[in-house]
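Asker: Note that UniProt numbering numbers the sequence shown so that position 147 is 147, with each residue one more than the last. Cβ coordinates follow ideal geometry from the N, Cα and C atoms, glycine included. One structure, as structure tokens, below. Some questions next.
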Amino acid sequence: MDEVDIFLQADAAYDTGDLASAFNLFLQAAEKGNCDAMCRIALMYESGEGIACDIDKSIYWDLKAIDAGSTTSLLNLGITYRRLGNIRKAKYWFEKSLETGDGEAALELARLYSVSDKEIDTVKRYLNIAISSNSLSEASLEEARELSSL
1 MDEVDIFLQA DAAYDTGDLA SAFNLFLQAA EKGNCDAMCR IALMYESGEG IACDIDKSIY
61 WDLKAIDAGS TTSLLNLGIT YRRLGNIRKA KYWFEKSLET GDGEAALELA RLYSVSDKEI
121 DTVKRYLNIA ISSNSLSEAS LEEARELSSL
């Protein structure tokens, strides 16, 4: 069975709540080079779904996914570093994600800069990028619009 078939089985197991099986199958697909599976492994380690929470392993798998071509892991790594309080690394990964056209990254950068009134122009610039992108979820688009009207 190839890594795509294994990934699809893992995804189905995840959807039914069989997280332990999903993790094991995602890991098999990741070890065969599937970058989407690498990303999912990173998320499962980060959130402790189906496996004990392990931020170091989450970062490891996000970096592997990025090396394999994942753009999703760029954003996810930024979120992980923000949660860890490492704003410099979070900003770096959000900027890398934004370079790929990810509007969610622009919203994340706006959130990072919104802690200072001195950065209002930067916040507005990132919010405008987010709003004009085609890659925002409805909830994120609504949030970006609300923030830009403040």
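1. What residue range does the alpha helix (DSSP H) around MET44 cover?
2. Where PHE23 and ASP102 are concerned, what is the direct C-alpha to C-alpha distance, given to the nearest angstrom?
3. How big is the Cα-Cα spacing for ALA52 and TRP61?
4. Below 8 Å between beta carbons: does that hold for ALA13 and CYS39?
5. Candidates CYS35, SER114 and GLY50: which alpha carbon is nearest SER70's?
6. Give the DSSP-derived three-state secondary structure of VAL123 in the structure shown.
7. If you reduce the DSSP assignment to three classes, tell me which class GLY101 lands in.
8. With DSSP collapsed to three states, give me the class of ASP2.
9. Using only alpha-carbon positions, find the residue among ALA105, LYS57 and GLU143 that is nearest to ARG82.
10. Can you tell me whether DSSP reads LEU116 as helix, strand or coil?
Answerer: In terms of the structure at hand:
1. 35 to 47
2. 27 Å
3. 15 Å
4. no
5. CYS35
6. Note: VAL123 maps to helix in three-state DSSP.
7. Here GLY101 sits in coil by DSSP.
8. coil
9. ALA105
10. Note that residue 116 is Ser in the sequence shown, not Leu. The answer is coil: DSSP assigns SER116 none of H, G, I, E or B.
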